[in-house]
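J.: Got a structure here, written out as structure tokens. Questions coming.
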Amino acid sequence: MSGTATASGGARAEAAAPRTPASRRRAVGIMGGTFDPIHHGHLVAASEVMDAFGLDQVVFVPASVQPFKEGKRVTPAEHRYLMTVIATASNPRFVVSRVDIDRGGTTYTIDTLADLRAEYPDADFSFITGADALAHIAQWKDSDTLFEQAHFVGVTRPGHVLA
Numbered sequence: 243m244s245g246t247a248t249a250s251g252g253a254r255a256e257a258a259a260p261r262t263p264a265s266r267r268r269a270v271g272i273m274g275g276t277f278d279p280i281h282h283g284h285l286v287a288a289s290e291v292m293d294a295f296g297l298d299q300v301v302f303v304p305a306s307v308q309p310f311k312e313g314k315r316v317t318p319a320e321h322r323y324l325m326t327v328i329a330t331a332s333n334p335r336f337v338v339s340r341v342d343i344d345r346g347g348t349t350y351t352i353d354t355l356a357d358l359r360a361e362y363p364d365a366d367f368s369f370i371t372g373a374d375a376l377a378h379i380a381q382w383k384d385s386d387t388l389f390e391q392a393h394f395v396g397v398t399r400p401g402h403v404l405a
């Protein structure tokens, strides 16, 4: 079952967030990740990007199987999803999507964006990721078309120096 969990109580809904005036497309941040576990840094980064870029909401998307972590021990996807729902519950502008978990298999950003486009046809996407990950975007699946699907926002992580 594909859908979105709102941060308030984890209830699922197929369409998320209230509509905005027709004159303006919704600005939706997408924060994909393993979230093993989700932590304060993820929440702060999402909040700061939301404020800095005027986003209406941020959709957290726990990965099913992260391609750069294959073979590593990772908490089961359902547990990571539930941890993400709990962690985002205090912010009504945060929602959690199951699209990657429900699709199963390896999670690729291009597929995540396509699935979310079906759920948010009226939105402009900003994909939020670590600047260290963004530095390797050329290695991502279909990297030549990613920038047609979303704006990309790199956030710094402690210990990572931008060169």
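Residue numbers (this note's numbering): 243 to 405. Backbone N, C-alpha and C define an ideal beta-carbon position, used for all residues, glycine too.
In its own chain, which residues sit with a C-beta less than 8 Å from the C-beta of G296, not counting the 5 before and 5 after it?
T.: As a first step, residue 296 must be located in the sequence shown, where it is residue number 54. Same-chain partners within the cutoff: A269.
J.: Taking just the CA atoms, how far does D278 sit from V316?
T.: Position 74 of the sequence shown holds residue 316. Position 36 of the sequence shown holds residue 278. Looking at the two C-alpha atoms, the distance is approximately 7 Å.
J.: Should P400 go down as buried or exposed, given a rule of 16 or more other Cβ atoms within 10 Å for buried?
T.: Translated into the one-based positions of the sequence shown, residue 400 becomes position 158. It is exposed - the Cβ of P400 has fewer than 16 other Cβ atoms within 10 Å.
J.: Between V307 and I370, how many whole angstroms is the CB-CB distance? I'm expecting something under 8 Å.
T.: Numbered from 1 along the sequence shown, position 65 holds the residue referred to as residue 307. Numbered from 1 along the sequence shown, position 128 holds the residue referred to as residue 370. Contact doesn't hold; Cβ gap of about 20 Å is too wide.
J.: Suppose you measure from the CA of P363 to the CA of T348; what does that come to, to the nearest Å?
T.: Taking the sequence shown and counting its residues from 1, one reaches residue 363 at position 121. Taking the sequence shown and counting its residues from 1, one reaches residue 348 at position 106. Between P363 and T348, the C-alpha separation is close to 24 Å.
J.: Specify the secondary structure class of S289 as computed by DSSP and reduced to three states.
T.: Indexing the sequence shown from 1 puts residue 289 at position 47. Helix.
J.: Can you tell me whether DSSP reads D366 as helix, strand or coil?
T.: Here the question's residue 366 lines up with position 124 in the sequence shown. DSSP places D366 in strand when its eight states are reduced to three.
J.: Counting along the chain, where does the alpha helix (DSSP H) carrying F389 start and finish?
T.: As a position in the sequence shown, residue 389 is number 147, starting the count at 1. Element bounds for F389: S385 to Q391.
J.: Determine the DSSP secondary structure at S244, reduced to helix, strand or coil.
T.: Translated into the one-based positions of the sequence shown, residue 244 becomes position 2. Confidence is the limiting factor: at S244 the pLDDT is only 47, short of 50, which leaves the residue's position unreliable and the question unanswerable from this model.
J.: What number of angstroms, rounded off, separates the C-alpha of D342 from the C-alpha of H281?
T.: The count along the sequence shown starts at 1 and reaches residue 342 at position 100. The count along the sequence shown starts at 1 and reaches residue 281 at position 39. Their Cα atoms are separated by approximately 20 Å.
J.: Give the range of the alpha helix (DSSP H) segment to which A329 is assigned.
T.: As a position in the sequence shown, residue 329 is number 87, starting the count at 1. It spans A319 to T330 - the alpha helix (DSSP H) in which A329 sits, taken as one unbroken run.
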